[in-house]
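Start counting at 1 in the sequence shown, then tack on 121, and there's your number in the numbering used here.
What follows is a set of notes on a single structure, which appears directly below.
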Amino acid sequence: SYVSYFSKVVGWYVSSELERDPFESIDLRASVSAGLSYWLFNRPDFSLELQSGLGYRHEAFDNGITEDVPTLDLRVHNHWQVNSWMNMTNTLSFRPSLSDLGDYLLLQDSGVTMPIGSSRWSLRLGLENNYANDPAVGRKKLDTTYYSRLLMNFE
Numbered sequence: 122s123y124v125s126y127f128s129k130v131v132g133w134y135v136s137s138e139l140e141r142d143p144f145e146s147i148d149l150r151a152s153v154s155a156g157l158s159y160w161l162f163n164r165p166d167f168s169l170e171l172q173s174g175l176g177y178r179h180e181a182f183d184n185g186i187t188e189d190v191p192t193l194d195l196r197v198h199n200h201w202q203v204n205s206w207m208n209m210t211n212t213l214s215f216r217p218s219l220s221d222l223g224d225y226l227l228l229q230d231s232g233v234t235m236p237i238g239s240s241r242w243s244l245r246l247g248l249e250n251n252y253a254n255d256p257a258v259g260r261k262k263l264d265t266t267y268y269s270r271l272l273m274n275f276e
């Protein structure tokens, strides 16, 4: 994702995601979106950002079926600086199909990030839930992932 603000509280964003999930029979899910961002709060220790836009989702399943749908893209981002060495981030996304609002993805990602020494590297531990209202045949609607990620800061 990329966000740029043209005023103190209003900006624009673009986002793209690629996913492969053999557990959900998805060979490829590609999503792109763009829209407006709005800061409800933007302090160094706490921020809350709303995003609203339009997108496009392509899904190719392992049975050969493909789906291409325009989507609405609604997101809430939260960042909390817990203390000098740890922060917590939460993201909630709702992405319904514009052709059928009952066909949607609901995504949640929460995690804590801690630096590794004084380097540019940090460790993120988190939980991600992906809820597909209309999953592939024989698959569950909810997919939960616990993760650890190694991050590098380029700033």
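C-beta atoms are modelled at their ideal positions from N, C-alpha and C, and glycine is treated no differently.
Bear in mind that the values here come from a model prediction, so they are computed numbers and not experimental data.
Per-residue burial, residue i [other beta carbons within 10 Å of its own, 16 or more giving buried]
| i | result |
| --- | --- |
| Thr187 | exposed |
| Ser164 | According to the sequence as given, residue 164 is Arg; it is not Ser. By the neighbour-count rule (16 or more Cβ atoms within 10 Å), Arg164 is not buried but exposed. |
| Asp194 | buried |
| Asn208 | buried |
| Glu180 | buried |
| Arg196 | buried |
| Leu161 | exposed |
| Ser214 | buried |
DSSP beta-bridge partners of residue i
| i | result |
| --- | --- |
| Val233 | Met209, Leu246 |
| Pro256 | Note: Pro256 sits in no beta bridge, so no partner. |
| Ile186 | Looking at the DSSP assignment, Ile186 forms no beta bridge with any residue, so it has no partner. |
Distance between beta carbons of residue j and residue i, contact taken as under 8 Å
| i | j | result |
| --- | --- | --- |
| Leu157 | Trp133 | 6 Å |
| Glu145 | Asp255 | The Cβ separation is near 12 Å, so there is no contact. |
| Ser218 | Val258 | That pair is no contact at about 18 Å. |
| Tyr159 | Val130 | 6 Å |
Test item: CB-CB of residue i and residue j under 8 Å
| i | j | result |
| --- | --- | --- |
| Gly176 | Val153 | yes |
| Thr210 | Gly232 | yes |
| Trp201 | Met235 | no |
| Leu271 | Leu244 | yes |
| Leu248 | Ser269 | no |
Check: residue i C-beta below 7 Å from any heavy atom of the ligand GDP
| i | result |
| --- | --- |
| Pro256 | This structure simply doesn't include the ligand GDP, nor any ligand for that matter. |
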